[in-house]
Amino acid sequence: MVVVLEHNIKNKDKQYVRQFIEKHGLKVQEIVGEEETIFGVVGNVALDSREVEILPGVNRVIPISSPYKLASREFKKEDTLITVGPVKIGGSRIVVIAGPCAVESREQILETAHIVKESGAVILRGGAYKPRSSPYAFQGLGEKGLKYLKEASIKTGMPTISEVMSAETIDLVKEYVDILQIGTRNMYNFDLLKRVGAAGKTVMLKRGLSATIQEFLMSAEYLLAHGAHNIILCERGIRTFETYTRNTLDISAIPIVKKLSHLPIFVDPSHATGIRNKVLPMALAAIAAGAHGISVEVHPTPEKALSDGPQSLYPEQFEKLMRDVEALAPVLEKEIARLPKSDSVTISGKQTRAPKLKGKKRVAFQGERGSFSEKAIILYFEEDVDTLACQEFREVFNAVLAGDAHYGMIPLENSLSGSIHENYDLLLQFPDIQIVGEKKIRIVHNLIGLPEATLDSIKRVYSHPQGLAQCSHFLEEHPTWEKISFYDTAGSVAHIAEMGKTDSAAIASIEAAKFNKLKVLKEGIETNPQNYTRFVIITREENARIENPTKASLVFSTMDEPGALFQALKVLANKKLNMKKLESRPIPGKPWEYMFYIDVEIPLEITLFKNVLDELKAYTENLRLLGMYRI
Ligand code: PEP
Ligand code: MN
898 MVVVLEHNIK NKDKQYVRQF IEKHGLKVQE IVGEEETIFG VVGNVALDSR
948 EVEILPGVNR VIPISSPYKL ASREFKKEDT LITVGPVKIG GSRIVVIAGP
998 CAVESREQIL ETAHIVKESG AVILRGGAYK PRSSPYAFQG LGEKGLKYLK
1048 EASIKTGMPT ISEVMSAETI DLVKEYVDIL QIGTRNMYNF DLLKRVGAAG
1098 KTVMLKRGLS ATIQEFLMSA EYLLAHGAHN IILCERGIRT FETYTRNTLD
1148 ISAIPIVKKL SHLPIFVDPS HATGIRNKVL PMALAAIAAG AHGISVEVHP
1198 TPEKALSDGP QSLYPEQFEK LMRDVEALAP VLEKEIARLP KSDSVTISGK
1248 QTRAPKLKGK KRVAFQGERG SFSEKAIILY FEEDVDTLAC QEFREVFNAV
1298 LAGDAHYGMI PLENSLSGSI HENYDLLLQF PDIQIVGEKK IRIVHNLIGL
1348 PEATLDSIKR VYSHPQGLAQ CSHFLEEHPT WEKISFYDTA GSVAHIAEMG
1398 KTDSAAIASI EAAKFNKLKV LKEGIETNPQ NYTRFVIITR EENARIENPT
1448 KASLVFSTMD EPGALFQALK VLANKKLNMK KLESRPIPGK PWEYMFYIDV
1498 EIPLEITLFK NVLDELKAYT ENLRLLGMYR I
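Residue numbers for the sequence shown follow our numbering, so the first one is 898 and each next one is one higher.
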């Protein structure tokens, strides 16, 4: 059963509830979740739930109907999030594990590590103890293999995963790798599961060759019951009558497992198919079906591989797979997990990576040079920074996540035209990105032309539709001018510079005129001078530490019931927190349900704000702090 505790339960009451349950011969596992603190109760003894429900500090008791308890969704509502070094697993992230089937030599694993990292993998795989069908086949390099894997991890910054086949080698494998893998053949090895569970490491549990989903989750239960918290499930194909593929990939297991369990579920399309050219479509299918990640075998020269060559991808195939995953992620509104940029990696004496981002800060923005976003960057940073122009807002997020830029500058709202919804949605889709600052700038539009142009020579005007709309009074004074929409204000300036015609002008910032060496024909032509855009500065979560923040941005959804939003806002009101903005956005895939974005002032006493966040969890769903910053 699950015992949900009151939000503000006293420590002594909590102790009493625990002792009461343990006295009955049951085991208690405390889980402090995002939304509530619960006791998971497991054991072979019947205890009347009403006896627990009446104890002080107990909110409610939920019996768990499934045979697996700790692994079940009933036990824990929210997805389990796992952190392995710089990589976060679970929720809306897509995590790619790649590497050879087995570590074959120092050179092979270093080279593969470099290849898969370059293409975007974030965790390196490689077996050192191989479960082979034939006793005469290559069995793995053992500890030597683990050492090479560790070296590759240090050189690339990628955490690693490797299989542990027997209880005797747990301590050894654990010393070298970040994730212990239980292979398909050992899914039923309950003794091994108990011992691995107690090892305190993240575990990837592969589905048994002929295991039902229930049996699969029961094995996860073994790990959880023996102390493991961080478990990744991995569907890797099951045995069926079909012989064309090595196994039959059970794609439907993904949505089923996601419904039954809170644990992240990965897919291994390599062992599932056994055929190289089936790996890509199955990997994409798995991700489309909702997998939190994939584990793929890649080898620099698969034809020379000591094991599983026929299913190992060539480096180019893996690169293509990553590009396709990248194209798929936005459709699913997911973030592809990326490693932060690290030091240059030298393999076989060759410099193989772009140099680390050092010294000058680099800030990504959407648009062309001279755009209002770039102006916001210059005004915010008050120092010499490099800028990185991106075509789309999503590219800004990706550049920051991948470490190609330290920061991103994105507009969130304009005082005249309202919110830039795309960026609100992206903030939600990129859970590893945080807001760390804000800049409001006044939008002054100018008519810009070639140095030889005059107001009289102009016949057509280019700009972003918003630029044209915001200068409507000025344009009405020139009714004969043709108005041409362009994707970007600064881009329209670059366009007329390129055309070189004195009859064409653009509407944009002075900076865009300067950048393109053009002339301002008329300054300040916007109809309403009260035209401001609010930008926020984003960065990777681990770099987002701001001292004495004064403002926070949050997002959450609520239950679909009367007064739900009111109850949440009341928490802020009761603590006298000043709300600066409230915006609702439809939840993708759930018509007529909404996420609420809130900006709120942080009081001087920051713990007060943290308490408010805790309290809010009781009245909201999917609460996320998008950032705390100074204004
Ligand atoms: C592996 O991933 O190295 C492996 C042997 O996979 P499985 O246990 O799924 O066959
Ligand atoms: Mn293999």
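We put the beta carbon where it would ideally sit given N, CA and C, even for glycine. Since we're looking at a predicted model, the values are computed, not measured.
Local conformation of residue i per DSSP, three classes
{"i": "V1176", "result": "helix"}
{"i": "T934", "result": "strand"}
{"i": "S1192", "result": "strand"}
{"i": "T1145", "result": "strand"}
{"i": "E1001", "result": "coil"}
{"i": "V1260", "result": "strand"}
{"i": "K1098", "result": "coil"}
{"i": "P1483", "result": "strand"}
{"i": "P983", "result": "coil"}
{"i": "M1062", "result": "coil"}
{"i": "L944", "result": "coil"}
{"i": "T1081", "result": "helix"}
{"i": "L1466", "result": "helix"}
{"i": "N1539", "result": "Residue 1539 is absent from the structure shown; the chain starts at 898 and stops at 1528."}
{"i": "T1430", "result": "strand"}
{"i": "Y1516", "result": "coil"}
{"i": "L1130", "result": "strand"}
{"i": "E1280", "result": "coil"}
Pairwise C-alpha distance: residue j and residue i
{"i": "A1465", "j": "Q1005", "result": "55 Å"}
{"i": "S1389", "j": "K1336", "result": "24 Å"}
{"i": "Y965", "j": "G937", "result": "11 Å"}
{"i": "S963", "j": "V1100", "result": "22 Å"}
{"i": "I1172", "j": "L1210", "result": "9 Å"}
{"i": "I1012", "j": "C998", "result": "15 Å"}
{"i": "V1358", "j": "Y1384", "result": "13 Å"}
{"i": "F1290", "j": "T1386", "result": "15 Å"}
{"i": "F917", "j": "L1225", "result": "50 Å"}
{"i": "V914", "j": "E971", "result": "20 Å"}
{"i": "I1274", "j": "P1426", "result": "21 Å"}
{"i": "G1315", "j": "P1485", "result": "20 Å"}
{"i": "M898", "j": "L1121", "result": "15 Å"}
{"i": "M874", "j": "K1257", "result": "Only positions 898 to 1528 of the chain appear in the structure, and residue 874 is not among them; the question remains open."}
{"i": "N1471", "j": "E903", "result": "19 Å"}
{"i": "A1064", "j": "D1088", "result": "8 Å"}
Pick from the options that is closest to residue i, judged by C-alpha positions
{"i": "R1092", "options": "G1105, H1123, V1070", "result": "H1123"}
{"i": "A1394", "options": "K1414, I1404, I1407, E1518", "result": "K1414"}
{"i": "E975", "options": "T1424, P1376, D1147, L1160", "result": "L1160"}
{"i": "L1513", "options": "L1479, S1454, I1503", "result": "S1454"}
{"i": "S1002", "options": "K1044, I994, L1106, K985", "result": "K1044"}
{"i": "V1228", "options": "V1260, L1069, A1182, M1476", "result": "A1182"}
{"i": "P1237", "options": "K1201, G954, T1436", "result": "T1436"}
{"i": "T1170", "options": "T1137, P1197, E1498, G1305", "result": "T1137"}
{"i": "S989", "options": "R1527, E1280, M1525, N1519", "result": "N1519"}
{"i": "V1531", "options": "Q912, V929, E933", "result": "Since the first residue of the chain shown is 898 and the last is 1528, residue 1531 is not available in this structure."}
{"i": "K1027", "options": "A1018, G1039, Q1288", "result": "G1039"}
{"i": "D1221", "options": "G1017, G1346, H1370", "result": "G1017"}
{"i": "Y1536", "options": "A1108, D1068, K1071, I1067", "result": "Outside the shown range of the chain (898 to 1528) lies residue 1536, about which nothing can therefore be said."}
Interface flag, residue i vs chain D, CB-CB below 8 Å
{"i": "S1406", "result": "Included in the structure is just one protein chain, with no chain D present."}
Under 8 Å between C-beta atoms of residue i and residue j
{"i": "E1060", "j": "Q1078", "result": "yes"}
{"i": "F1269", "j": "T1424", "result": "no"}
{"i": "R1022", "j": "A1049", "result": "no"}
{"i": "T1284", "j": "E1271", "result": "yes"}
{"i": "S1192", "j": "F1215", "result": "no"}
{"i": "I1148", "j": "I1110", "result": "no"}
{"i": "K866", "j": "G1080", "result": "Shown here, the chain extends from 898 to 1528; a query on residue 866 therefore has no answer."}
{"i": "A1117", "j": "G1267", "result": "no"}
{"i": "L1523", "j": "S1406", "result": "no"}
{"i": "E1232", "j": "P1166", "result": "no"}
{"i": "I1434", "j": "Y1277", "result": "yes"}
{"i": "V981", "j": "I1051", "result": "no"}
{"i": "L923", "j": "L944", "result": "yes"}
{"i": "G1094", "j": "Y1119", "result": "yes"}
{"i": "I1422", "j": "N1343", "result": "yes"}
{"i": "L1218", "j": "L1157", "result": "no"}
{"i": "V1468", "j": "V1509", "result": "yes"}
{"i": "I928", "j": "V900", "result": "no"}
{"i": "L1352", "j": "I1404", "result": "no"}
- Item | Chain-ordered list of residues that sit, by beta carbon, closer than 5 Å to a heavy atom of ligand 1 | Every residue with a CB closer than 5 Å to a heavy atom of ligand 1 is listed here in chain order: G1024, G1080, T1081, K1103, R1133, H1168.
- Distance cut 5 Å, beta-carbon to ligand 4 heavy atom: residue list by chain order: With respect to ligand 4, the structure offers nothing, as its ligand set consists of ligand 1 and ligand 2.
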